[in-house]
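90 is the number that numbering that gives the first Met the number 0 gives to position 91 of the sequence shown; each next residue is one higher, with no gaps.
What follows is one structure encoded as structure tokens, with my remarks underneath.
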Amino acid sequence: MSIPTCRSFTTDPERSIAVSLPLVGSSTQHKNMSASVVVRRLAALSGASAVAAGAYGAHGFKNSDPDDYQRVLFETANKYHFYHSLALLGAAHSGKPAVAGALLIAGMGMFCGSLYHQALTGDPGLRKVAPMGGMAMIAGWLAIIL
Numbered sequence: 000m001s002i003p004t005c006r007s008f009t010t011d012p013e014r015s016i017a018v019s020l021p022l023v024g025s026s027t028q029h030k031n032m033s034a035s036v037v038v039r040r041l042a043a044l045s046g047a048s049a050v051a052a053g054a055y056g057a058h059g060f061k062n063s064d065p066d067d068y069q070r071v072l073f074e075t076a077n078k079y080h081f082y083h084s085l086a087l088l089g090a091a092h093s094g095k096p097a098v099a100g101a102l103l104i105a106g107m108g109m110f111c112g113s114l115y116h117q118a119l120t121g122d123p124g125l126r127k128v129a130p131m132g133g134m135a136m137i138a139g140w141l142a143i144i145l
């Protein structure tokens, strides 16, 4: 696909300089801008859900009184959920927002999701997924520098 450009020339042939300016952004810039908007919106949704989960953890656990380990798991999941929602906002402004965002989202889902699951159900069945989620979150942070 050809990008329309504007060319400018001087009338003096000895000083003639061709300037080619894109009238619209390149397709790579457009894809990154679209990915940036999507990642920013996902960061907002993630942050909102972290607040809701934090409120549930602060008020919902008092009634059911889970053991201390489940409460610690929930608080850890919620803390990492918040931190990585903020990182997701930063990922929206990185050079590769789709890559950084996908890694952070996958990491949050695996790490925080498995901890939330165990904290709420007492079932450690998804516990083996947490380290993979942690690695994905680390990779997401590193992808922000791309």
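Just so it is clear, CB atoms sit at the ideal spot from N, CA and C, and this is done for glycine as well.
Subject >> For residue 132, the nearest candidate out of 110, 126 and 92 (CA to CA) >> reply: It is 110 whose Cα lies nearest to the Cα of residue 132.
**OP:** Taking 7 Å as the cut-off, decide whether the C-beta atoms of residue 76 and residue 44 are in contact.
**Re:** No, these two residues do not count as a Cβ contact at 7 Å.
Original post:
Three-state secondary structure (DSSP) at residue 78?
Top reply: Looking at residue 78 - three-state DSSP - the assignment turns out to be helix.
Original post:
Which whole-angstrom value describes the C-beta separation of residue 99 and residue 93, a residue pair presumed to lie in contact below a C-beta threshold of 8 Å?
Top reply: Right, their Cβ atoms sit about 5 Å apart.
**OP:** Note down, in chain order, each residue of its chain lying with its Cβ closer than 7 Å to the Cβ of residue 84, except the 5 sequence neighbours on either side.
**Re:** Counting only Cβ-Cβ distances below 7 Å, and skipping sequence neighbours, we find 42, 45, 46 and 49.
**OP:** Classify residue 34 as helix, strand or coil using the three-state DSSP reduction.
**Re:** DSSP places residue 34 in helix when its eight states are reduced to three.
**OP:** Within the same chain, show all residues whose beta-carbon is closer than 6 Å to that of residue 69, passing over the 5 residues directly before and after it, in chain order.
**Re:** If we look at residue 69 and ignore the five residues flanking it on each side, its Cβ neighbours are 118.
Original post:
Rounded to the nearest angstrom, how far is the Cβ of residue 88 from that of residue 135, given a contact under 8 Å?
Top reply: In fact, because the Cβ distance is near 18 Å, the residues do not count as touching under 8 Å.
Original post:
Leaving out the 5 sequence neighbours to the left and right, which residues in its chain are closer than 8 Å to residue 126 when beta-carbon positions are compared?
Top reply: Cβ neighbours of residue 126 beyond the five flanking positions: 113 and 117.
Subject >> Simplified DSSP assignment, three categories, for residue 67 >> reply: If DSSP states are grouped into helix, strand and coil, residue 67 belongs with the helices.
**OP:** Check residue 53 in the structure and name its three-state DSSP category.
**Re:** In the structure shown, the three-state DSSP call for residue 53 is helix.
Original post:
From residue 53 to residue 128, what does the alpha carbon distance come to, in whole angstroms?
Top reply: Taking the straight line from one Cα to the other gives about 22 Å.
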